[in-house]
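Q:
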Amino acid sequence: SLPIRLADYRAPAWRVERVELDFELGIATTEIGAKLLLRRDPAQDESLRLDGENLELISIALDGEVLADDAYRLVDGGLEVHGARDGSVLETRVRVHPAANTALEGLYLSGPSETGFLLTQCEAQGFRHITFFPDRPDVQAIYTVTLRADRARFPVLLAGGNPDGSGELEDGRHWARFVDPHPKPAYLFALVAGRLEKIEQDYRTADGRDVQLKIWAEADAIDRCHYAMDALVRSMRWDEQAYGRNYDLDVFHVVATHDFNMGAMENKGLNIFNTKCLLADADSSTDDEYRRVEAVVAHEYFHNWSGNRVTCRDWFQLSLKEGFTVYREQCFSADMNSAPLKRIEDVGLLRRAQFPEDAGPLAHPVRPAEYREINNFYTATVYEKGAELVRMLAGKLGTAGFRRGTDLYFSRNDGRAAALEDFLAALGEANDVDLSPYLAWYGQSGTPRLKAHGHYDATRHEYTLTLSQHTPASLQQPRKQPLPIPVKLALFGSDGRMLPLHTDGQTDASEIVVVLDEAEQCFVFRDVPERPVPSLLRGLSAPAVLECDYTPAELALLLGHDPDGFNRWDAGQQLALRAYDALRDGAHNGAVNAWCDTLAALFDDARLDAALLADLLVPPGEIELAERESVVDPARIYTLRQQLQQRLAARIGADKLEARYRSLAAQSTAGIDAVSQANRSLKQRVLQLLALLDPTAACHHAATQYLDAPSMTDRLAALGVLARHDAARSVEPLVHYRKRYASDPLALDKWFALQAQLPGEGALARVQALEADPAFTLKNPNRARALLGTWANGNPSGFHRADGAGYRLYADRLLALDALNPQIAARLATAFNGWQRLEPHRREAAHAALASLAGHDQLSRNLAEIVGNMLK
Ligand code: DPP
Ligand code: ZN
């Protein structure tokens, strides 16, 4: 297939003003009638062309007349109709087969045929699997949807919009109708039909609308939806307060399914969630999962304005809604929890997932220039880097200025399909600043390297900071241009206190932002009493990699003294990288000692937040470490990182670790309040460190903790330590867990994932054994991700075996998965990212596996694009 290019965008020649859909629902077969009121762009004279895939056309009529065979033509991927004019009404009737739809795109069945329910997933292009339609986001229509089905088999019938009647039909069937008054693109259409239970709550918006909130799930899951409801109410309030955005329908439905390609989907008035991102309870969910539920519920709710009321002109603008909504969700989570911890989590994800993507063969700009399969562009770059770009703009405008800008953006673009330029224009105009230079960030891939060099003139008391930037070339963009990089900075004195800053423009702040918008620039600070230690790119003020010639002692000073938790953590991460390098190169121990000594002192600091301490005690992960190597040996990286942590554990000392563990364990509760979560987080980290020094003692604690655990977080933490340090002793609890949670798919996913993560060459055999477990299936995306995805993405030393056997098995599974679900196959295939930098044996084996995949002629467009880019 040919690539689709941003540069080729043209407004639609045909629009749909209203659409009436009629579903005759059945598990094996569903029939769909569609009635489209068409509008033609007078400036274009193309004949009508509608998208449609895997649709069996039963009948077609134009303006009430059945169409003759030569008046329409079924073509690859759609339908051409002759004779339509502005105001014409096209009626089609098609047949689809939900139970046979394993791709989980369009209308499909969740669960077994006898008991499961029907649902839809339309983003990005699923609607064309439901009916013939101009399936593009700049075609926005008013939807009237009527559902008909057997009442006993499908007691609950839901679609987006407001309810507009329901009733009985003959033969035990019933119907329900929904009207959505807000014009929307087809990707936001949704329906759900089946046996579902609900919880509900009334909500009154700030502008006075009464809304019924309903969360729906199957009987075994409905009791675990209360936390999501709580998060939904808090999200709705927050959006009213932070952005002045009110909800705009009389009902808001949320439905949970175990079978979902994504995390969740923001369909208008009918959000659909992967259970993984919706269910939460103390017995089966970890603290991370609680936070994830809160964040995803907020994310999908926030889309009602950033995505639905203002949608995207075309899929190249995907980050217009996703980057902005991720940013909104990040701020909400920061407000609900701890801002520094949230920032640590988000920057960790950015460095682990987005930076490697941006440096490898799949690199693409936040606004890609072309794609073959849009589903491959729901990436860390579009989401996470996109959110960082919004954060930069928000930082530049300040809270009040950013709000002025988003108010203008929403009011000016309400009901429209917008482009990224519209977003920057509104933010800029509302604040009288020209933000157009920031557009360059959206069009250029790669992570800029920011180099910093400081010079102190002791006689003039002047400090000169020279900043320079460089973005490594990529295949598509051999020449990168300088970008505007806001660098938030502070200067520290040798006593660890922040120095007041005096520049030409400003005075006396202790933290300022300078913007580097050329390849190199100098910034001068006056009245600096001593040679300062600069703290740069604070809060990660731009998605860049900082390269600064700090001494270990300078980083240790920042790690020990920075009043801001995130910046303290970030200094610690940089120092840990130095320590890692020293260990690897057999160099002088200065950095290792500085890192260990500073953390050992902080370990004893009773004022430090326990959750922050837990994060400080973790060095950068294996993927981040691999990013800095030109020749990657994952086994060696794993070993060195273990050694580094061992040094830290030894420096703190077994006695102190043991004592801290005991005191934290004595305070364990089942609560999900911040204090209880912090306790669990630190307790887990302390136990892991203890296990590196004294595995026998740690496993003894872990065995007890597994049995007594009042929460899933504690239970899994204990299981993880046992499985890593005493395989024999872990057998019994693993069997116990498997039995205890046999009927809880989400808890079983964690059981698969925990074992898939165990390091070393034995991982392959373990994965194969787990594939034989009766609960394993490639048909469920969560299960496939839990075992295969965790192994390939979250266990570098286990996946990258020197003999390449891991790659061969994985390529095999990708092929099998591709025949079922191309979106998931393509997503999992990205685990090969970075293969070109592997040491020669592994590189050759990875290349062979990729080449054998590329040689198959039945690959989906999804998988073919990823594999093809990987081999470019
Ligand atoms: N459901 C996905 C999300 O909310 C795609 N829109 O990010
Ligand atoms: Zn989203």
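In the UniProt record's numbering, the protein residues as written are 9 to 880. Note that the Cβ used here is the ideal one computed from N, Cα and C, for glycine as well.
Measure the Cβ-Cβ separation of L458 and V553 and say whether it is below 8 Å.
A: yes
Q: Inspect the beta-carbon positions of Q765 and L700 and report whether they are closer than 8 Å.
A: Pairing Q765 with L700 gives a Cβ-Cβ distance that is not under 8 Å.
Q: What's the call for R217, buried or exposed, on a 16-neighbour Cβ count within 10 Å?
A: exposed
Q: Are H568 and A609 closer than 8 Å when you measure CB to CB?
A: Here the sequence assigns Gly to residue 568, which means His is not the residue at that position. Less than 8 Å separates the beta-carbon of G568 from that of A609.
Q: Quick one: is the Cβ of residue 927 within less than 7 Å of any heavy atom of the ligand ZN?
A: Nothing can be reported for residue 927: it is not among the residues displayed for the chain, which extend from 9 to 880.
Q: Tell me whether T333, by its Cβ, gets closer than 7 Å to a heavy atom of the ligand ZN.
A: yes
Q: Going by the CB atoms, is the gap between V200 and Y211 shorter than 8 Å?
A: no
Q: Taking 8 Å as the limit between beta carbons, can you name the residues of its chain near A288, skipping five residues before and five after?
A: R232, Y235, A236, E297, Y298, V301
Q: Check whether chain B comes within 8 Å of D256, counting only Cβ atoms and requiring the distance to be less than that.
A: Considering every chain present, this structure includes no chain B. It has just one protein chain.
Q: Look up F140 in the DSSP assignment and say whether it is helix, strand or coil.
A: Secondary structure of F140 (DSSP, three-state): coil.
Q: Measuring straight from C-alpha to C-alpha, what distance separates P373 and A107?
A: 37 Å
Q: Assign R144 to buried or exposed, taking buried as 16 or more other Cβ atoms, counted over all protein chains shown, within 10 Å of its Cβ.
A: buried
Q: Near E519, what residues of its chain come up, given a Cβ to Cβ distance below 6 Å and the 5 sequence neighbours on each side ignored?
A: Cβ within range, chain order: A498.
Q: Give me the residue from L524, T511, S314, S549 with the minimum Cα distance to M400.
A: S549
Q: If you compare alpha carbons, which of Q529, E392, T333 is closest to L358?
A: E392 is the residue among Q529, E392, T333 whose C-alpha sits nearest the C-alpha of L358.
Q: When burial is assigned at 16 or more other CB atoms within 10 Å of the CB, is L82 buried or exposed?
A: exposed
Q: Taking 8 Å as the cut-off, does the stretch 147 to 160 touch the stretch 130 to 138 (at least 3 CB pairs, one atom from each stretch)?
A: no
Q: I need the DSSP call for W183, collapsed to helix, strand or coil.
A: strand
Q: Considering only the alpha carbon of each residue, which of P189, F162, I207 lies closest to G180?
A: F162
Q: Which partner residues of M506 appear in the DSSP bridge assignment?
A: F500
Q: Looking at the ligand DPP, does it come within less than 7 Å of M270, judged from the CB to the closest heavy atom?
A: yes
Q: If you draw a straight line from the C-alpha of Y309 to the C-alpha of A303, how long is it?
A: 10 Å
Q: With a threshold of 16 other CB atoms inside 10 Å of the CB of S543, please say whether the residue is buried or exposed.
A: buried
Q: Need the endpoints of the alpha helix (DSSP H) that C604 sits in, please.
A: 598 to 611
Q: Tell me which residues share the same chain as S684 and place their Cβ nearer than 6 Å to its Cβ, disregarding the 5 neighbours each side in the sequence.
A: T677
Q: Would you report the Cα separation of P627 and L326, rounded to the nearest angstrom?
A: C-alpha separation (whole angstroms): 33 Å.
Q: Determine, using beta carbons only, whether S118 and T265 come nearer to each other than 8 Å.
A: yes
Q: Confirm the yes/no value for this check: CB of E330, any heavy atom of the ligand ZN, distance under 7 Å.
A: Yes, since a heavy atom of the ligand ZN falls inside the 7 Å radius drawn around the Cβ of E330.
Q: How big is the Cα-Cα spacing for D525 and E437?
A: Approximately 21 Å between the Cα atoms of the pair.
Q: Indicate, with yes or no, if the ligand ZN has a heavy atom lying under 7 Å from the CB of E396.
A: Answer for E396: no, Cβ out of range of the ligand ZN.
Q: What residue range is occupied by the uninterrupted alpha helix (DSSP H) comprising Y235?
A: 234 to 251
Q: For the 8 Å Cβ check, are there 3 or more pairs between the stretch 13 to 30 and the stretch 62 to 76?
A: no
Q: Does the contact criterion of 3 or more C-beta pairs under 8 Å hold for the stretch 728 to 741 versus the stretch 694 to 709?
A: yes
Q: Check whether the Cβ atoms of L491 and W449 lie closer than 8 Å to each other.
A: yes
Q: Near A427, which residues of its chain fall below 6 Å by C-beta distance, leaving aside the five closest residues on each side in sequence?
A: Here the set comprises R321, Q325.
Q: If you compare alpha carbons, which of R103, A15, Y80, P142 is closest to L58?
A: P142
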